[in-house]
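Residue numbers (full-length UniProt numbering), protein chains in the order written: chain A, 1 to 577; chain B, 1 to 464.
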């Protein structure tokens with residue numbers, strides 16, 4: 001990026017780079033895909049500088065393919081001062097030098113596509129770094145071409161109804177800029193000024209950023225912090241009509257110019273508000289293809305701690321139907337804290353008490369821990385949670401390292417606790433990097449339980465009973481049944497409150513029906529299920545293929561071990577003839 | 001006499017003895033006869049009759065029980081357990097298990113049909129599905145239920161008394177004020193018994209994905225007891241938030257009942273006499289109660305003046321509550337089954353229901369102490385301390401919720417509340433002594449505690 005004498009920031013076009021081989025266009029691929037979130041910085045270091053990089057990630061694509069992942073989700077790898085984990089983007093068209101180059105990214109895309117793996121990345125639409133040339137120009141030249149790229153004001157009183165998101169660090173959504181002599185608007189950190197979408201030039205500039213990466217071959221974007229694009233007085237400045245209209249415009253660009261590519265909304269809101277981000281249900285959805293279901297995740301944890309299904313049943317009952325062309329993204333953990341924004345105060349206190357016993361485990365309104373330590377490294381619970389993730393409605397998103405049960409380091413700042421180097425081997429630096437250990441971007445986990453000598457891919461690859469092999473097998477089982485990705489969801493109830501049972505059904509006639517029964521309790525439980533709709537059918541357990549007793553008129557009795565679960569395929573009995 | 005009335009009674013002693021809903025096991029039965037029979041289907045593969053059986057007892061008045069009798073030449077093999085016996089050239093069976101019969105019930109309700117004295121009455125404005133087959137859900141002590149899809153549940157009353165059943169009466173009243181605290185009434189089957197109207201069955205909204213409050217509470221108790229060193233407010237299975245919401249639900253249901261059916265006052269003397277009658281009867285039969293008698297009477301003596309009354313549930317406990325994904329529902333407004341029907345339909349203090357729930361929290365946690373296998377006395381003492389915490393925590397959370405939603409804290413009327421709790425516990429003492437002697441300690445301990453509380457309050461010197 002350079003600046004000409006007219007103060008125009010010049011930016012490269014995609015034609016200056018190669019582009020990855022294309023995958024066949026499959027419009028619904030995202031509905032049954034298994035996603036895998038990987039931090040470039042934390043996965044594999046190819047050049048011994050202590051930072052994971054794009055080339056390092058490319059080297060590990062065989063592992064990702066072996067695991068059964070369909071799509072990689074990469075948090076931002078753009079050029080950035082890294083004051084917010086790369087979500088503070090300094091140049092939308094450049095790669096952070098530690099991670100490599102745009103050419104390295106094209107190579108990663110190409111190699112991933114070769115293995116049938118798609119790649120999506122985070123794109124922050126709402127704001128950029130205060131070091132972005134657009135902002136520098138805007139501060140210096142209020143009347144220049146970028147003068148109106150941000151939300152400026154003479155005082156800090158406007159939009160008073162908008163909440164402050166990072167309550168731990170920010171006291172206002174306005175910060176005074178001594179250079180321009182005005183306040184600028186920011187919904188996140190004060191070093192991340194919000195872009196002014198009321199300015200048509202900003203809309204065009206950001207759509208061109210989308211085109212740049214799409215031309216290189218990327219398969220989609222996770223649009224970060226989308227509810228906040230516009231501001232209107234007297235509102236909470238979230239989920240505004242104008243924001244939805246702009247997202248519809250972006251979707252049309254994808255549909256017209258890049259079919260098969262997707263938009264995933266990051267909107268940490270109630271499901272009834274989030275469905276708005278799928279757009280018009282009459283046309284199957286004309287906004288984002290996917291959105292994260294945020295409130296589900298804390299309720300899975302709550303249900304298991306309470307040993308009853310209702311925290312999950314409640315939130316699923318409150319989740320409205322989504323357009324035919326849309327899909328939820330669901331997750332247990334990701335690179336952020338376990339967010340508790342979408343729970344009541346009473347429930348938040350409960351979650352802190354149960355899952356964040358040390359105050360250092362809290363961050364913002366959430367808990368910064370990985371899955372395995374959250375579950376006290378209990379294999380039964382790890383399996384139950386993963387089985388729920390892979391069978392509840394929505395596309396599952398795995399977080400790197402959780403497939404081997406990696407730990408966290410709550411003594412690191414902010415959310416770095418859950419962003420430590422991937423543990424490949426018991427060797428130096430966990431096999432993540434060959435650099436001097438002191439150069440690592442952050443230390444590896446070294447405690448006796450979760451440290452890399454105990455928990456690593458190499459050891460677990462060699463043990464057929466490892467969590468890694470188990471996770472891989474479950475992903476494989478999931479892929480055999482379209483009902484998991486595409487099926488309707490129907491909760492079965494049952495008199496035992498500790499058991500969560502549901503049926504996923506896909507297709508008419510030759511349909512695929514899967515029954516999932518989960519024991520939220522640590523104690524063995526019986527359950528009687530009303531399966532009369534499938535009278536005469538036989539449930540076949542999915543991991544071993546064992547047929548269970550035929551379904552009759554009477555309630556179907558199952559017993560489950562503590563934190564146990566079953567997946568069954570329900571099949572009509574074949575005539576012996 | 002029809003062939004049914006003639007040949008059915010011969011099979012009934014053996015048949016009734018097998019039924020969970022026939023509560024007269026062990027009692028001297030002097031007579032079983034078909035009191036009324038109404039044909040519903042009189043032609044075809046299935047014959048269907050609604051029969052009220054009159055069962056005479058040597059030790060008390062006769063009681064009436066309802067059976068929906070189906071007759072087929074060849075009942076399906078799966079109906080074998082529901083068979084009553086041969087009648088004419090057909091086999092008679094309990095038709096609540098028969099798909100054609102349950103489908104008929106729904107159709108008759110939808111169309112509002114009448115057969116002789118039996119009327120199928122849909123609630124005004126209710127749209128019932130065109131057809132549906134009922135799935136038998138469970139056989140309970142006083143009724144048998146079938147579900148139609150996930151929209152409706154039909155409950156056939158087994159024990160039928162002359163007079164309007166409060167279950168139907170209160171559900172109808174609650175529907176009239178748009179209550180969300182009960183499963184909404186969709187229709188009813190009404191008939192005649194000894195010249196008086198009688199309630200035979202009810203169709204309601206089906207809370208398909210629900211679990212009983214009793215099962216929910218036990219889940220919490222088991223979670224607590226599995227932790228050696230955690231207090232009741234520290235364990236993951238803490239139930240207090242649910243108890244509080246349950247308190248809110250009960251308070252709202254009370255307000256709705258008052259709105260629909262009015263309020264009144266009853267002289268406390270009258271209530272006291274009622275409680276004392278029960279106490280007299282139990283004390284004479286259970287010597288273990290004698291040491292507490294004076295203390296109990298002292299609590300009852302404090303009932304003076306007038307007491308605000310309205311229609312109430314009458315037999316509220318955790319087993320009469322359902323947790324659904326939307327919140328709590330109250331079910332089964334029949335009142336205490338052993339009490340005569342006119343008595344059950346009288347206005348009473350809403351604190352009777354509150355007391356019932358408080359007793360239920362005690363039961364949920366202390367019966368688990370009895371069930372648990374302890375290795376020594378220390379362990380039992382430890383569990384009892386945890387149990388006390390759980391009971392106190394959930395009882396007060398329930399009262400908090402009730403106070404929040406009603407604007408009046410039940411604990412503010414300590415004398416009345418305590419009297420009702422004692423009355424319930426006295427009833428439990430006689431029940432447990434007869435049927436589960438090892439459990440009698442549960443109500444007896446509660447009585448000890450309640451009497452002690454009373455003494456502390458009435459004589460402040462003691463607490464100093």
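Yeah, the Cβ is synthetic: ideal placement off N, Cα and C, and Gly gets one too.
Out of the options, state which residue places its alpha-carbon closest to the alpha-carbon of residue i.
| i | options | result |
| --- | --- | --- |
| residue 135 (chain A) | A:194, A:87 and A:107 | A:194 |
| residue 287 (chain B) | B:93, B:96 and B:434 | B:434 |
| residue 175 (chain A) | A:156, A:167 and A:161 | A:156 |
| residue 410 (chain B) | B:356, B:389 and B:432 | B:356 |
| residue 616 (chain A) | A:35, A:207, A:211 and A:296 | As shown, chain A starts at 1 and ends at 577. That puts residue 616 (chain A) outside it, with no answer to give. |
| residue 471 (chain B) | B:217, B:36 and B:232 | The first residue shown for chain B is 1 and the last is 464, placing residue 471 (chain B) beyond what the model contains. |
| residue 194 (chain B) | B:64, B:132, B:180 and B:243 | B:64 |
| residue 232 (chain A) | A:517, A:213, A:258 and A:158 | A:158 |
| residue 396 (chain B) | B:279, B:248 and B:366 | B:248 |
| residue 333 (chain B) | B:239, B:315 and B:278 | B:315 |
| residue 363 (chain B) | B:401, B:413, B:221 and B:347 | B:221 |
| residue 242 (chain A) | A:269, A:312, A:199 and A:271 | A:199 |
| residue 510 (chain A) | A:493, A:527, A:522 and A:487 | A:487 |
| residue 495 (chain A) | A:57, A:260 and A:310 | A:310 |
| residue 578 (chain A) | A:329, A:8 and A:172 | A question about residue 578 (chain A) goes unanswered here, because the residues of chain A that appear run from 1 up to 577. |
| residue 369 (chain A) | A:226, A:106, A:57 and A:334 | A:334 |
| residue 197 (chain A) | A:283, A:237 and A:301 | A:237 |
| residue 17 (chain A) | A:401, A:222 and A:105 | A:105 |
Run through the DSSP bridge pairs and tell me what residue i is partnered with.
| i | result |
| --- | --- |
| residue 86 (chain B) | B:91 |
| residue 79 (chain A) | A:91 |
| residue 55 (chain B) | B:32 and B:63 |
| residue 157 (chain B) | B:143 |
| residue 148 (chain B) | B:134 and B:152 |
| residue 490 (chain A) | A:503 |
| residue 127 (chain A) | A:194 |
Quick check on DSSP: helix, strand or coil for residue i?
| i | result |
| --- | --- |
| residue 190 (chain B) | strand |
| residue 595 (chain A) | The requested residue 595 (chain A) does not occur in the structure, where chain A is confined to residues 1 to 577. |
| residue 506 (chain A) | strand |
| residue 464 (chain B) | Unreliable positioning characterises residue 464 (chain B) in this predicted model, as indicated by a pLDDT of 41, which lies under 50. The coordinate reading is nonetheless provided below. Residue 464 (chain B): coil per DSSP, three-state reduction. |
| residue 245 (chain A) | helix |
| residue 577 (chain A) | Confidence at residue 577 (chain A) is low in this model, with a pLDDT of 45, below 50, so its placement is unreliable and the value that follows should be read with caution. Residue 577 (chain A) falls in the coil class under three-state DSSP. |
| residue 208 (chain B) | coil |
| residue 102 (chain B) | helix |
| residue 1 (chain B) | coil |
| residue 189 (chain A) | coil |
| residue 498 (chain A) | coil |
| residue 266 (chain B) | strand |
| residue 215 (chain A) | helix |
| residue 279 (chain B) | helix |
| residue 474 (chain A) | helix |
| residue 404 (chain B) | helix |
| residue 311 (chain A) | helix |
| residue 51 (chain A) | coil |
| residue 448 (chain B) | helix |
| residue 152 (chain A) | strand |
Report back the beta-carbon spacing between residue i and residue j to the nearest angstrom; my notes put them in contact at under 8 Å.
| i | j | result |
| --- | --- | --- |
| residue 313 (chain B) | residue 330 (chain B) | 6 Å |
| residue 285 (chain B) | residue 430 (chain B) | 6 Å |
| residue 132 (chain B) | residue 115 (chain B) | Actually they do not touch by this definition, with Cβ atoms about 20 Å apart. |
| residue 229 (chain A) | residue 141 (chain A) | With a Cβ gap of about 24 Å, residue 229 (chain A) and residue 141 (chain A) do not count as contacting. |
| residue 175 (chain B) | residue 184 (chain B) | 6 Å |
| residue 56 (chain B) | residue 30 (chain B) | 4 Å |
| residue 293 (chain A) | residue 328 (chain A) | 4 Å |
Item checked: 3 or more residues per run - each beta strand (DSSP E) lying fully within the segment 382-463 of chain A -> Within the segment 382-463 of chain A, the complete beta strand (DSSP E) runs of at least 3 residues are 395-399.
Check: What are the uninterrupted segments assigned as alpha helix (DSSP H) that are 4 or more residues long and contained completely in the segment 329-380 of chain B, given in chain order?
Finding: Entirely contained in the segment 329-380 of chain B, the alpha helix (DSSP H) runs reaching 4 residues are, in chain order, 341-344 and 351-371.
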